[in-house]
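**Student:** Questions regarding the structure given below will be posed in turn.
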Amino acid sequence: MEDLFKNIIGHCKTYGFIFPSSEIYDGLSATYDYGPNGVELKNNIKQAWWKSMVQMHANIVGIDAAIFMHPQVWKASGHVDAFNDPLIDNKQSKKRYRADVLVEDYMAKIEAKINKEIAKAAKRFGDAFDEAEYRSTNGRVLGYAAKHEEARLRLAKAMTDGDLEDMHQMIVDYEIACPESGSREWTEVRQFNLMFSTQLGAVAGEEGKLYLRPETAQGIFVNFLNVQKSARQKIPFGIAQIGKAFRNEIIARQFIFRMREFEQMEMQFFVAPGTQEQWYEHWKAERLAWHQSLGGSDTDLRFHDHDNLAHYADAAVDIEFKFPFGFKELEGIHSRTDFDLTQHQELSGKKLQYFDPERDESYVPYVVETSIGVDRMFLSALTRAYTVEEVPDGKGGSSERIVLKLPPSLAPVKVAILPLLKNNSDLTSLAHQIYDELKLQVPCEYEEKDAIGRRYRRQDAIGTPYCVTVDHDSLDDNSVTVRDRDSLQQDRIAISQLSSYLQERLG
Ligand code: GAP
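The numbering used here numbers the first residue of the sequence shown as 3 and each following residue consecutively.
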């Protein structure tokens with residue numbers, strides 16, 4: 003899995019998906035730039051989300067709020083006081099860690115031991131192996147599971163209570179060493195606020211202190227009544243937004259999984275008090291179905307209920323994806339109660355209530371939120387799509403190819419138009435003609451450099467679903483060869499039918 007991750011990172015750079023930011027200055031930690039294919043894939047992800055959330059729901063509308071907001075917003079939301087991570091330093095290596103992540107890594111090691119025992123037993127017992135029974139009866143597995151559960155519960159309690167002392171004690175009790183130096187000399191655990199701050203114009207001191215938003219959600223909350231009234235929405239309704247968020251993560255690592263500047267796609271669904279549980283279940287199912295529609299399956303997606311809830315939530319679940327470094331949060335679904343609107347109402351002194359004609363009463367609505375990182379969705383799509391396989395080489399043997407099996411809707415380029423030879427003007431001009439027509443319908447690429455086989459491989463590597471080859475016969479029969487990325491099947495199609503043939507398959 004480590005190799006897979008390294009290969010995906012290398013692939014992203016080689017094929018223009020993602021570059022380290024400011025690379026000529028040796029980069030800036032945990033900051034990345036999206037290249038020509040990356041920006042297309044990222045835009046396609048955002049478009050798929052926007053279409054499914056906003057365009058497919060009459061009762062969900064979009065906004066695009068400013069990144070800078072009044073500083074009181076973050077006081078009201080609880081981020082100034084409670085948006086902290088527990089930080090710990092190793093005295094010997096001088097490296098800084100999140101105390102909860104150190105404990106989680108310790109738990110992941112126990113889980114790996116359990117999986118190793120199970121893999122060994124599966125090999126030993128063959129077809130007769132019953133994993134559930136083995137998990138519930140094998141002494142060693144039960145011992146590991148008990149240790150894991152004890153750590154999980156203790157961590158959840160310490161996080162919920164903000165008990166920094168016990169978090170430190172856990173690191174001592176579990177004999178956790180610095181991954182860098184192996185030293186167990188740790189400082190105390192202290193809270194570290196994740197918000198980046200900056201200064202408004204020339205206003206000095208606390209007065210002019212502004213924050214870069216750590217979530218897009220607050221732009222939605224403060225606009226709740228503006229949107230409800232102007233869009234003439236009735237509860238239940240939702241407001242969706244895509245935009246940048248910033249967090250001064252203590253450890254930002256694992257490529258684009260955890261960054262300090264990232265993008266979120268969030269939707270706040272405003273509901274009547276008492277109906278939030280039903281809507282929470284509704285959005286859990288809807289969001290899972292969205293991931294499944296883009297190729298997700300039971301083997302790479304799972305729900306994970308939060309062990310400790312954020313300061314604003316009464317229920318929360320993650321949709322986890324099996325990244326190359328294990329199952330991790332891809333999207334969060336949170337029942338945020340009426341916390342945010344009530345807080346904003348109190349601090350601003352402005353009523354944020356809705357008059358419900360059916361109930362004949364005014365109330366502060368409850369909110370169910372769906373929140374997903376664009377960059378994490380990008381990494382999950384690449385992880386799922388990245389395939390190394392043997393294919394026939396056309397000479398009776400086989401050769402290895404790297405192909406991105408992206409759903410067509412996400413592929414940066416949908417169709418590549420390839421003249422068989424670049425120095426035959428009849429072929430190139432017919433290929434240009436086809437390109438000029440098709441580009442009006444779908445994102446296309448015209449490519450004439452290198453032998454046709456190499457061009458196919460390059461298109462496979464960026465995930466192009468169809469390659470259209472213009473050859474000598476095309477000049478006589480007005481047909482072209484269309485190659486399918488996944489099946490490698492080649493169909494001969496009349497140029498007059500090409501557009502409908504492709505639309506049917508890409509749709
Ligand atoms: N409004 C709720 C909220 O922000 P969150 O669980 O903190 O909840 C939501 O974040 C999503 O944003 C996560 O599921 C993840 O996909 C993405 N995300 C959070 N922090 C991130 C980071 N440092 N880098 C990349 N994506 C991040």
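Each residue gets a CB set at the ideal place from its N, CA and C atoms; glycine is no exception.
Would you check if there are 3 or more beta carbon pairs closer than 8 angstroms linking the region 272-283 to the region 42-61?
**Tutor:** no
**Student:** Short check: CB of E322 to CB of H308, under 8 angstroms?
**Tutor:** no
**Student:** Which class does M71 belong to by DSSP, given the choice of helix, strand or coil?
**Tutor:** coil
**Student:** Cβ of L432 versus every heavy atom of the ligand GAP: is any distance shorter than 7 angstroms?
**Tutor:** Not under cutoff, so the answer is no.
**Student:** When the distance is taken between beta carbons, is E447 closer than 8 angstroms to K424?
**Tutor:** no
**Student:** What is the DSSP secondary structure of E135, reduced to helix, strand or coil?
**Tutor:** helix
**Student:** If you check the beta carbons only, do R289 and F329 fall under 8 angstroms apart?
**Tutor:** no
**Student:** Quick one: give me the first and last residue of the alpha helix (DSSP H) that L166 is part of.
**Tutor:** 166-175
**Student:** Put A312 into one of helix, strand or coil per three-state DSSP.
**Tutor:** coil
**Student:** Can you name, in chain order, every residue of its own chain whose Cβ lies under 8 angstroms from the Cβ of D342, other than the five neighbours on each side?
**Tutor:** A78, S79, A219, Q220, F223, Y314, V369
**Student:** Taking C-alpha atoms, which residue in V482, V390, F327, K416 lies nearest to T430?
**Tutor:** V482
**Student:** List the whole-angstrom C-beta distance separating S183 from S299, where the pair is believed to meet the contact cut-off of C-beta under 8 angstroms.
**Tutor:** At roughly 40 angstroms, the Cβ-Cβ gap does not stay under 8 angstroms, so S183 and S299 are not in contact.
**Student:** Any heavy atom of the ligand GAP closer than 7 angstroms to the CB of G221?
**Tutor:** no
**Student:** Output needed for I120: all residues of its chain with C-beta closer than 8 angstroms, excluding positions within five of it in sequence on either side, in chain order.
**Tutor:** E133, Y136, R137, V143
**Student:** Can you have a look at L157 and say buried or exposed, based on whether 16 or more other CB atoms are within 10 angstroms of its CB?
**Tutor:** buried
**Student:** With respect to the alpha helix (DSSP H) encompassing A460, which residues constitute its N-terminal and C-terminal limits?
**Tutor:** Residue identity differs from the one stated: residue 460 is Arg in this sequence, not Ala. Per DSSP, R460 belongs to the alpha helix (DSSP H) from 454-464.
**Student:** To the nearest angstrom, report how far apart D475 and I495 are at their CA atoms.
**Tutor:** 12 angstroms
**Student:** Can you name, in chain order, every residue of its own chain whose Cβ lies under 8 angstroms from the Cβ of G210, other than the five neighbours on each side?
**Tutor:** Q201, L202, G203, A204
**Student:** Can you find the residues in the same chain that come closer than 7 angstroms, C-beta to C-beta, to N39, ignoring five residues on each side of it along the sequence?
**Tutor:** Y17, G18, F19, P414, I464
**Student:** Are the region 377-387 and the region 433-444 touching, with three or more C-beta to C-beta distances below 8 angstroms?
**Tutor:** no
**Student:** Whole angstroms are fine: how far does the CA of M197 sit from the CA of H81?
**Tutor:** 8 angstroms
**Student:** Restricting to Cα atoms, I'd like to know which of L332, E331, E348, P275 is closest to D316.
**Tutor:** P275
**Student:** Looking at L422: is its Cβ nearer than 8 angstroms to the Cβ of V472?
**Tutor:** yes
**Student:** Please name the residue, chosen from S501, D486, Q256, A50, that lies closest to F327 on a Cα-to-Cα basis.
**Tutor:** If you compare the alpha carbons of S501, D486, Q256, A50 with that of F327, the shortest gap goes to Q256.
**Student:** At which residues does the beta strand (DSSP E) containing L89 begin and terminate?
**Tutor:** 86-91
**Student:** Just to confirm, is the Cβ distance from K416 to Y468 under 8 angstroms?
**Tutor:** yes
**Student:** Based on Cα-Cα distance, which residue from A50, E167, N117 lies nearest to P410?
**Tutor:** A50
**Student:** Can we say the region 7-17 touches the region 225-244, given the rule of at least three CB pairs closer than 8 angstroms?
**Tutor:** no
**Student:** Would Y213 and P73 qualify as a contact pair, given that the criterion is a beta-carbon distance under 8 angstroms?
**Tutor:** At the C-beta level, Y213 and P73 come within 8 angstroms of one another.
**Student:** Using DSSP's beta-bridge definition, name the partner residues of M269.
**Tutor:** M269 is bridged to A242, T372.
**Student:** With DSSP as the reference, identify every bridge partner of Y437, one or two as the case may be.
**Tutor:** Note: Y437 sits in no beta bridge, so no partner.
**Student:** Can the beta-carbon of V366 be found less than 8 angstroms from the beta-carbon of L349?
**Tutor:** Against a cut-off of 8 angstroms, the Cβ pair of L349 and V366 comes out as no contact.
**Student:** What's the call for I173, buried or exposed, on a 16-neighbour Cβ count within 10 Å?
**Tutor:** buried
**Student:** Can you find the residues in the same chain that come closer than 6 angstroms, C-beta to C-beta, to M269, ignoring five residues on each side of it along the sequence?
**Tutor:** Correct list, in chain order: M55, G240, A242, T372.
**Student:** Report yes if the C-beta of S31 is less than 7 angstroms from at least one heavy atom of the ligand GAP; otherwise report no.
**Tutor:** no
**Student:** Grouping DSSP H, G and I as helix and E and B as strand, with all else coil, what is A496?
**Tutor:** strand
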